[in-house]
Every structure is written in structure tokens, then in C-alpha cells.
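Start counting the sequence shown at 1; every next residue gets the next number (the numbering used here).
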Amino acid sequence: MTTPTDRPPRFGVNYTPSQGWFHHWLDFDLDAVRADLDSVAALGLDHVRVFPLWPLFQPNRTLIRPRAVEQLTALVDAAGERGLDVAVDGLQGHLSSFDFLPAWTTTWHRRNLFTDPEVVEGQAAYLHTLAAALAERGNFLGLTIGNEINQFSGDPHPDPDRITPDQAAGWLRRLLAACEQGAPGRLHLHAAYDAAWYQDDHPFTPAQAARIGAATAVHSWVFNGTAQRYGADSTATGQHAAYLVELSKAWADDPHRPIWLQEVGAPAPQIAAEDAAGFTETTLAAALDCPDLWGVTWWCSHDVDRSLADFPELEYSLGLLTNDRQLKPAGRALSRAVSEARTHWQPPLPRSTALVLDLPDDAPRRSTCAPGGAFFEAFMRLTADGARPTALLAAHASDEQHLSARGITEVVTVEDVDRS
Numbered sequence: 001m002t003t004p005t006d007r008p009p010r011f012g013v014n015y016t017p018s019q020g021w022f023h024h025w026l027d028f029d030l031d032a033v034r035a036d037l038d039s040v041a042a043l044g045l046d047h048v049r050v051f052p053l054w055p056l057f058q059p060n061r062t063l064i065r066p067r068a069v070e071q072l073t074a075l076v077d078a079a080g081e082r083g084l085d086v087a088v089d090g091l092q093g094h095l096s097s098f099d100f101l102p103a104w105t106t107t108w109h110r111r112n113l114f115t116d117p118e119v120v121e122g123q124a125a126y127l128h129t130l131a132a133a134l135a136e137r138g139n140f141l142g143l144t145i146g147n148e149i150n151q152f153s154g155d156p157h158p159d160p161d162r163i164t165p166d167q168a169a170g171w172l173r174r175l176l177a178a179c180e181q182g183a184p185g186r187l188h189l190h191a192a193y194d195a196a197w198y199q200d201d202h203p204f205t206p207a208q209a210a211r212i213g214a215a216t217a218v219h220s221w222v223f224n225g226t227a228q229r230y231g232a233d234s235t236a237t238g239q240h241a242a243y244l245v246e247l248s249k250a251w252a253d254d255p256h257r258p259i260w261l262q263e264v265g266a267p268a269p270q271i272a273a274e275d276a277a278g279f280t281e282t283t284l285a286a287a288l289d290c291p292d293l294w295g296v297t298w299w300c301s302h303d304v305d306r307s308l309a310d311f312p313e314l315e316y317s318l319g320l321l322t323n324d325r326q327l328k329p330a331g332r333a334l335s336r337a338v339s340e341a342r343t344h345w346q347p348p349l350p351r352s353t354a355l356v357l358d359l360p361d362d363a364p365r366r367s368t369c370a371p372g373g374a375f376f377e378a379f380m381r382l383t384a385d386g387a388r389p390t391a392l393l394a395a396h397a398s399d400e401q402h403l404s405a406r407g408i409t410e411v412v413t414v415e416d417v418d419r420s
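Okay, here's the thing in C-alpha cells:
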């Protein structure tokens, strides 16, 4: 069991290279990477999350390119020279609407990414290789299995690899074991987009997110219907990231399990450019009011160059810096908030009011937690009224030991909120 910490959370950024986006691995320029990392370090951040492209690193099931691994280690070393720790995502997988799968998993070689034994062992070998290559570097935080790879497992993906929750859990445990074998004791975890929390019958479940791996990762995007339904200036939009942090605690066995807000950003047009700085400040302040927050990693470091085609429009403007490394208002706001948090850090008090989530452990009907759902709306009404709610499974509502460990002194139901 983990214990609460008095230190401020970690603050970082998802590194999107200013030249060539993640295609930069094809023409790797360490000087350009160093200049990007200089601009990140100047914001006062302490880590970056980086994304090797899986097909470029493992183009054949039994070929993990040594030169590609060397380029990754060079990037990690360059970050360390600038005081930045590095978290590495392995299976890319999926990034900014594009899928990156090696040829040995598609078309004529199509095999299920999660259940085919040869594919899974190939993935395990790849993750083990990356972990082992970085294991001796002091600024290597650990591996995330992949970026939102749960999107390959079901709707709305146009060509999903269907699996059951048990198969998803087995896949996660096998690949996390490979990470741990390669680099023991690091922060190895998995990450899902919010279907895991919001989509009925999705095979990747909240319990898996909150119990498997060294920490819980949440990805908060208000273009998921939150900003559209409630408005850019609403409580729901400003509190969405904090809500996901607290929602994840309902399923955690460890009452002080670390939670990593691994992706959060200010997407246009839901968040207008002139409002991005204010959204950044509001979102970060709300997240920092959540106990057991390991860290916040903003998406993303640099804008996507508009010379690159076919991205969704919002992807071009998510950076804290332009693609010529000029600081934007959101970047200035984040840097200022980080400095303030570190200078005047006070650990948040426990969230003593718990909203009961009446779901079985596997949460087949979890859409109540999604924007528009009854649980979501009750949580946001409590928040708007000045409460600091957290989430509690009904199975734990009468467990005095569990309530005490989390500092919960008041338990309310959705019906209680509706009547008030």
C-alpha cells in the first residue's frame, strides 16, 4: 500500500517534436530534439513523455532495430542533461487520430493485437528491449504499454480487435511483466482513453486501470462531449480532469494509489484560443485539489506544423509552444501555475464527501459516469455547490476501514443530490 506524500506533484509535458511531429524518428536530428527540450525545460517542467513509433522500432516481429533504440536512449540522455525525467510509451499504436501498426499485424498478416500468442510475445520482447536499454538511466521514469491502445479493442474504431475483459487483463499483466523484467522497480503502467471509464461494456475496465500497474493513468479531454454539452466556462468543463482523478479512486484497492493525469489539454474549438490560458489555470487548480495525484503531464509541448496534412484541426494548436518554439499564453499560464504550486505547496485535505457509484465491480453500465450520465451530473452539482466530492463504489459504502483510510466522513447517493 502506498502512503500519502507531502511533496508537490510532478509537472511535465507530452513531447511532440517541433520538426516532423513523431515522424521525426525517420530523420532523427538530436540537435533539433535538444532545442525542443531546452524550450520545455525553460517552462520549469520536470519530465516529458515520449512516443517511439512502433512500426519504425519493430518493423518485423523478430527485428527490433538497434539504431532506433539508440536514438531513443540519446533522447533520454539529452533530456537528463536538461534536468528532465522521461516516461516512454511503447506501442504507438495510436496518436492524434492516426494508427501506427507494424505490417506483421495487418492485412495479409492480420492477427489480434491482444490475444494472438506470437503478436503478444513480439510486443513483450519489444517492451522488454526498450526497458532494458533504459534501465540504468537515472532519469528514466518507466514505460507505459502504449498510448490509448484500448481504442483498438472496440467501437468506434473502424476495424477493432474484439476481446473480453479477461483477455484485456491478461494482456496488460503479460506486457507489464515484460516491462518490469527489463527495468525493475520503475513506474510501469498502462493508459486508456476515456472509453474505459465511460463506455458501457468496453473490454478495458475501470478496475483494470485502478488496480493493474504501478499507478492509475487518466486522460482528460473535454471534446468528449463535456464542453459541447455544458459549455466551455462550466463547472463540468473546468473540473473534468479532477473528476476523472477522483472517479478512478472508486475502483482502487489501495486508498492512496498514485494517479497520473497523463494527458490533458485545451482543445479548439471547444476551448477558444483566447480562453486556453484560463482553462489551463482552472484545470490545473482543480487537479491539484485531488489527494494522491502523482503528476500532471500537459498535451502537448509544441504545435503540429501546418505543413503536415490530414490532422483533425484541433491537433494543430494544442502546443504550449508554437512549432518554432515560441511560448503561447497557455504555456505561460502553465509555467506560472507550476512555479506557484511548488513555491506554496500545501497537500490537499482528504475529500471527505463520497458520492456512491452503484455499479458492480466490472462496471458494464458505466455510462452513468460519462457526460450527461446521472453520476457525472450529481458529482458536478456537488462541486458547483462547494463540496469536494470523491467517488465510492456502493460495495465499500459500509466498509469503515476503507472509508477511514480515504478520509471519508460523509456518504451521499445520486438520489440524495437529486432531492437537494
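Ideal placement from N, C-alpha and C gives every residue a C-beta, glycine not left out.
Note that the structure is predicted; figures quoted are calculated from it, not measured.
If distances are taken between C-alpha atoms only, which option among the options comes closest to residue i?
{"i": "Thr282", "options": "Thr297, Leu314, Ala215 and Gly238", "result": "Gly238"}
{"i": "Asp416", "options": "Ala397, Ala391, Ala378 and Gly407", "result": "Ala378"}
{"i": "Pro102", "options": "Leu130, Ile64 and Asp77", "result": "Ile64"}
{"i": "Gly295", "options": "Ser18, Arg49, Ser39 and His202", "result": "Arg49"}
{"i": "Gly407", "options": "Ser420, Lys249, Ala330 and Arg381", "result": "Lys249"}
{"i": "Ala341", "options": "His240, Asp358, Leu284 and Asp99", "result": "Leu284"}
{"i": "Thr322", "options": "Leu134, Val40, Leu30 and Ala168", "result": "Val40"}
{"i": "Tyr243", "options": "Cys369, Arg67, Thr106 and Asp29", "result": "Cys369"}
{"i": "Ala210", "options": "Leu247, Glu274 and Asp324", "result": "Leu247"}
{"i": "Ala387", "options": "Pro312, Ser301, Asp289 and Ala309", "result": "Asp289"}
{"i": "Ser335", "options": "His256, Phe22 and Leu43", "result": "Leu43"}
{"i": "Gln181", "options": "His109, His24, Leu127 and Ala227", "result": "Leu127"}
When we look at the beta-carbon of residue i and count the other beta-carbons within 10 Å, is it buried (16 or more) or exposed?
{"i": "Arg61", "result": "buried"}
{"i": "Ser398", "result": "exposed"}
{"i": "Pro55", "result": "buried"}
{"i": "Pro269", "result": "exposed"}
{"i": "Arg7", "result": "exposed"}
{"i": "Gln346", "result": "exposed"}
{"i": "Pro360", "result": "exposed"}
{"i": "Arg186", "result": "buried"}
{"i": "Ser307", "result": "exposed"}
{"i": "Asp418", "result": "exposed"}
{"i": "Pro17", "result": "buried"}
{"i": "Ser420", "result": "exposed"}
{"i": "Ala272", "result": "exposed"}
Excluding the 5 residues preceding and the 5 following residue i in the sequence, name in chain order all residues of the same chain whose CB lies nearer than 6 Å to its CB.
{"i": "Ile149", "result": "Leu91 and Gly93"}
{"i": "Gly80", "result": "Asn139"}
{"i": "Leu393", "result": "Ala250 and Leu357"}
{"i": "Ala214", "result": "Leu187, His188 and Leu189"}
Between which two residues does the beta strand (DSSP E) harbouring residue i extend?
{"i": "Trp260", "result": "Ile259 to Val264"}
{"i": "Ala273", "result": "Element bounds for Ala273: n/a, residue is neither H nor E."}
{"i": "Gly424", "result": "This structure gives no information on residue 424, because the portion of the chain shown stretches from 1 to 420."}
{"i": "Thr353", "result": "Thr353 to Leu357"}
{"i": "Phe11", "result": "Arg10 to Asn14"}
{"i": "Thr343", "result": "Taken as a continuous stretch (DSSP letters only), Thr343 belongs to no beta strand (DSSP E), being part of the alpha helix (DSSP H) at Pro329 to Thr343."}
Are the Cβ atoms of residue i and residue j separated by less than 7 Å?
{"i": "Arg82", "j": "Leu37", "result": "yes"}
{"i": "Val88", "j": "Leu143", "result": "yes"}
{"i": "Pro329", "j": "Ala287", "result": "no"}
{"i": "Trp171", "j": "Ala217", "result": "no"}
{"i": "Asp155", "j": "Phe114", "result": "no"}
{"i": "Ala183", "j": "Ala131", "result": "yes"}
{"i": "Thr205", "j": "Asp362", "result": "yes"}
{"i": "Thr235", "j": "Met380", "result": "yes"}
{"i": "Ile212", "j": "Leu175", "result": "no"}
{"i": "Ala486", "j": "Val414", "result": "With the chain covering 1 to 420 only, the question about residue 486 has no answer from this structure."}
{"i": "Ala195", "j": "His188", "result": "no"}
{"i": "Pro389", "j": "Arg229", "result": "no"}
{"i": "Tyr193", "j": "Gln151", "result": "yes"}
{"i": "Leu134", "j": "Asp85", "result": "no"}
{"i": "Thr107", "j": "Val119", "result": "no"}
{"i": "Pro9", "j": "Leu293", "result": "yes"}
{"i": "Ala191", "j": "Ser220", "result": "no"}
{"i": "Pro267", "j": "Phe223", "result": "yes"}
Whose C-beta lies closer than 8 Å to the C-beta of residue i among residues of the same chain, with five residues either side of it excluded?
{"i": "Glu315", "result": "Ser96, Ser97 and Val304"}
{"i": "Glu410", "result": "Ser352, Thr353 and Ala354"}
{"i": "Pro350", "result": "Pro291, Arg406, Gly407 and Ile408"}
{"i": "Ala78", "result": "Leu30, Val33, Arg34 and Leu37"}
{"i": "Thr73", "result": "Ala133, Leu134 and Arg137"}
{"i": "Ala68", "result": "Trp25, Pro52, Leu56 and Phe57"}
For the alpha helix (DSSP H) that contains residue i, what are its first and last residues?
{"i": "Phe375", "result": "Ala374 to Ala384"}
{"i": "Asp36", "result": "Leu30 to Ala41"}
{"i": "Glu400", "result": "Glu400 to Arg406"}
{"i": "Trp25", "result": "Trp25 -> no alpha helix (DSSP H), and no H or E assigned at all."}
{"i": "Val69", "result": "Pro66 to Glu81"}
Please find out if some non-hydrogen atom of the ligand HEM comes closer than 6 Å to the beta-carbon of residue i.
{"i": "Ile271", "result": "This structure lacks the ligand HEM; in fact it carries no ligand of any kind."}
Among the residues of its own chain, which have a CB less than 7 Å from the CB of residue i, if the five just before and after it don't count?
{"i": "Asp200", "result": "Pro364, Arg365, Arg366 and Ser367"}
{"i": "Trp424", "result": "This structure leaves residue 424 out entirely; the chain is present only between 1 and 420."}
{"i": "Gly231", "result": "Thr237"}
{"i": "Leu327", "result": "Leu321"}
{"i": "Ala124", "result": "Arg174, Leu175 and Ala178"}
{"i": "Phe11", "result": "Leu45, Asp46, Gly295, Val296 and Val338"}
{"i": "Phe28", "result": "Gln71"}
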